[in-house]
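So the first sequence is numbered by my numbering: it starts at 1139 and just counts up by one. Scroll down for the structure; my scribbles are underneath it.
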Amino acid sequence: MTKIKITLPDGSIKEYAKGITAGEIAFDIGRRLGQDAVLAKINGNIKDLSIQIKEDSALQIITIQDKEGLDGFRHSLAHLLAAAVMELWPDTKRTIGPPIENGFYYDFEFSNPISEDDLPKIEKKMREILPKWDKFERSEATAAEAKKEYPNNQFKHELIDEFSKDGKKLTFYKSGNYSDLCRGGHVSSMKSVQPDSFKLTHLAGAYWRGSEKNPQLTRIYAVAFPTKKELDAYLKMVEEAKKRDHKKLGRELDLYTTSELVGKGLPIWLPKGETIKREIENFAIETEKKAGYQRVSTPVLAKKELFIKSGHIPYFQESMFPEMVLDDGAYYLKAMNCPYHHLIFNHKTRSYRDLPLRISEYGLCHRFELSGTLSGLLRVRMLSMNDAHIYCKKDQIEKEFGDVIKMIVDYYKTFGFENYYFRLSLWDPNNREKYINEPENWESTQEIIRGVLKKNNVKFEEVMGEAAFYGPKVDIQFKTVTGREESMSTIQLDFIAKKKFGLKYADKDNKENNEVYVIHRAPLSTHERFIAFLIEEYAGKFPLWLSPVQIRILSVSDKFEKYARKINEEFLKNNLRSEVDSRTESISYKVREAQAQKIPLILTVGEKEEKNGTVAVRTIDNKIHFGVKLDDFLGKVMKNIEEKKIKVEL
RNA sequence: GCCUCCGUAGUUCAGUCCGGUUAGAAUGACUGCCUCGUAAGCAGUAGGUCGGGAGUUCAAAUCUCCUCGGAGGCUCCA
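In structure tokens, the structure reads:
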């Protein structure tokens, strides 16, 4: 029999009979590896373990510990879920069941709707079936054969037609007596799967193939980890994350509220939330001033004609609040600031010397977002945008774009964000009707932006077909503590505004030039979303400069109230946000309450402090510093705020 | 907008499945006592048309329908 040489990841070479499967090799290397094996990477390509190897190859066994292996494990459980559902409700139409970040899901069309109360029943059935399963057996089928497996299931038929294009063979995988159309990627044996390593979590509606034009299916979500220990750890982490939820903390810390009488997606900022908002806004004003921006403010309403001119009507109309008809025409609430800024650009004759012109505003916009998408402060209908538009020539794009990226990185550094990456959204040249027809502009500006990202050495990925219709953009993606990914900041290049608004300037030779590029940017997102991120990122423990109450002074008893008031006056004079708690409660009680309010500096004053002109300081990390000289304290606090430090050190 | 789930004092929750005394608790608020040294002193008082509306019933927080609001998904997006 012919032998083949297999090179393993550690560089060692083993000889096997030609036609051996990767799964057999895994068992040959070690029993444990054989059990944990999920997939094989042969010469860099992910393959099924049952694939026969017929020539000299490099082989890496992928186990449940690897990303691909974990996916295989989760996907195997998706098969099990479908099997359980099909046993319980045989006339259900099954569709697809991929692995996802912490588990998997499977989409079904049930003939009678199920409810979340059915999940334990399904879970029980899965555990009943599990011991009857072992290896996944691969088989091939033609489209006609495959369709027979799914009578009346138009979803599977659609997939079969698609996958069998060009006469390709379809593959089925079977374990126990459950078989499903599948391209592979499973655990080598279900015997290695622990019955308590997964949990069905919730139901959700999901459109077939992600399009709202298609029927809506019932999606069953599950979490799954190789061991119960890991599953429990994950569930615990989710519980912890819930404690940081900005909706919960926003209420507990009196930052914002909502009212049915006002309407959904319309938060009401309370004094403490407003303080944070104002601090962030002041920071932005300061930063933008240094960066050469000019600040404006524009009305929240405008006539319909403005938004027709900008093209937002009808293109963006369904995301705008409906028109208000008055005696002199129809008005709309603005959903964006750009049209106004373009008018500002146009309000006088511009020269090349004016460029780049940077116009900024914290503009209050209103967008009629679908009610189902609203969520706390993360998705709202009232948006306080940290907006600005940069009007520049093509040869200035690189510098301006780069400066905005630097500004964003600096902002994030100040706020202490680390969990983010840049996403460059490009046009799709094969889908041209979606985009403004300026192929050369698309290609050249995308190249400029890509270069800027590389030059700034930031982590970024590229996505084709995600650009706005008027130009490429860069979004900065951020992961919330609950694991959801959201866009935080955005920079967009626009080469349609110049046409819509006839933007132009006089060139050096006094010729009219219409090549005005607009950069839209919102580094600090909207106040609403940004503060939602901050609350969760800091778990409500804001840095001193942002804290709504920076200092609370607790008097040990009535006798020391006067001293407490005196130092409070001193703090207030220095523009600090300080208050006195002189209630005749125990010190423990007052400390507890101040801690719950996450006040960064809790000062206690009694006999010793009054006599020595000192304070006892309790910092947010629960450390107590006794006998701190008042002047020292004040100096350190002022410096900390000035430098926008994240932590307080005394 | 669509799917699943949820809505009871300011807040967190019990009671809802299986309709039946004046709807409970904790915490917060208020009043009084306590004058207190670093995460909860003691006592009392007020606070709820059970999100809103309609229906079924002798009787509805509880069952049905509509509606408003919220959560998680889908689609969309800062």
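Just so it is clear, CB atoms sit at the ideal spot from N, CA and C, and this is done for glycine as well.
- Message: Given a cut-off of 9 Å on the beta-carbon distance, is the pair A1371 and K1337 in contact?
- Response: no
- Name, in chain order, the residues that DSSP records as bridge partners for P1237. F1242
- Message: By alpha-carbon positions, which one of E1745, S1685, G1744, K1700 ends up nearest to V1775?
- Response: S1685
- Item | Cross-strand partners of A1468 (DSSP beta bridge) | V1463
- Task: Reducing DSSP to helix, strand and coil, say where Y1394 ends up.
- Result: strand
- Tell me whether the beta-carbon of I1497 lies closer than 9 Å to the beta-carbon of Y1529. yes
- Message: Are the CB atoms of I1758 and S1716 within a distance shorter than 9 Å?
- Response: no
- Message: Quick check for students: name the residue ranges of the alpha helix (DSSP H) that lie wholly in the stretch 1483 to 1570, counting only runs of 4 or more.
- Response: 1535 to 1553
- Item | For E1275: DSSP bridge partner residues | K1312
- Message: Quick check on the burial criterion: 16 or more other C-beta atoms within 10 angstroms. Buried or exposed for D1245?
- Response: buried
- Task: May I ask you to report which of helix, strand or coil DSSP gives I1634?
- Result: coil
- According to DSSP, which residues form a beta bridge with D1186? L1177
- Pick out the complete alpha helix (DSSP H) segments inside the stretch 1730 to 1758, 4 residues or longer, and give them in chain order. 1745 to 1750
- Query: CA-CA distance, S1191 and N1557?
  - Reply: Checking the sequence, you will find Ile at residue 1191 rather than Ser. Taking the straight line joining both Cα atoms gives about 41 Å.
- Task: Go to R1357, then tell me how far its beta strand (DSSP E) extends in each direction, as first and last residue.
- Result: 1354 to 1362
- Using a threshold of 9 Å, state whether the C-beta atoms of L1187 and L1171 are closer than that. no
- Item | V1656 (DSSP reduced to helix, strand or coil) | strand
- Item | Which residues DSSP lists as bridging E1599, in chain order | R1561
- Taking C-beta to C-beta, are L1471 and V1434 nearer than 9 Å? no
- Determine which residues share a DSSP beta bridge with V1612 and list them. L1562, I1629
- Nearest candidate by alpha-carbon position, reference R1622, set W1580, R1169, N1240: N1240
- Query: Roughly how far, in whole angstroms, is the beta-carbon of W1580 from the beta-carbon of E1417, given that I think they are within contact range, below 8 Å?
  - Reply: Incorrect: roughly 40 Å between the Cβ atoms, too far for contact.
- Helix, strand or coil for R1715, going by three-state DSSP, please let me know. coil
- Task: For the beta strand (DSSP E) containing K1410, list its first residue and its last residue.
- Result: Premise fails: K1410 lies in the alpha helix (DSSP H), 1409 to 1428, not in any beta strand (DSSP E).
- Do three or more CB pairs link the stretch 1215 to 1230 to the stretch 1245 to 1254 at distances below 8 Å? yes
- Query: Assuming V1654 contacts Y1643 under a Cβ cut-off of 8 Å, what Cβ separation, rounded to an integer in Å, is found between them?
  - Reply: 7 Å
- Message: Rounding to the nearest angstrom, what Cα-Cα distance links K1366 and Y1154 in this structure?
- Response: 37 Å
- Which one of I1200, N1181, L1399, R1389 has the shortest CA to CA distance from L1408? R1389
- Message: Tell me the DSSP secondary structure of S1724 in three-state form.
- Response: coil
- Item | Nearest candidate by alpha-carbon position, reference Y1549, set H1479, F1639, N1420, E1456 | N1420
- Applying the criterion that 16 or more other CB atoms from any shown protein chain within 10 Å of the CB defines a buried residue, is Y1727 buried or exposed? exposed
- Query: When the Cα of L1391 is compared with those of T1722, I1673, E1585, L1464, which residue comes out closest?
  - Reply: I1673
- Message: Can you give me the C-alpha to C-alpha distance between K1785 and S1724, rounded to a whole angstrom?
- Response: 28 Å
- Range of the contiguous beta strand (DSSP E) that encloses E1153: 1151 to 1155
- Cα separation between R1756 and L1369? 37 Å
- In angstroms, rounded to a whole number, what distance separates the CA positions of D1256 and S1663? 41 Å
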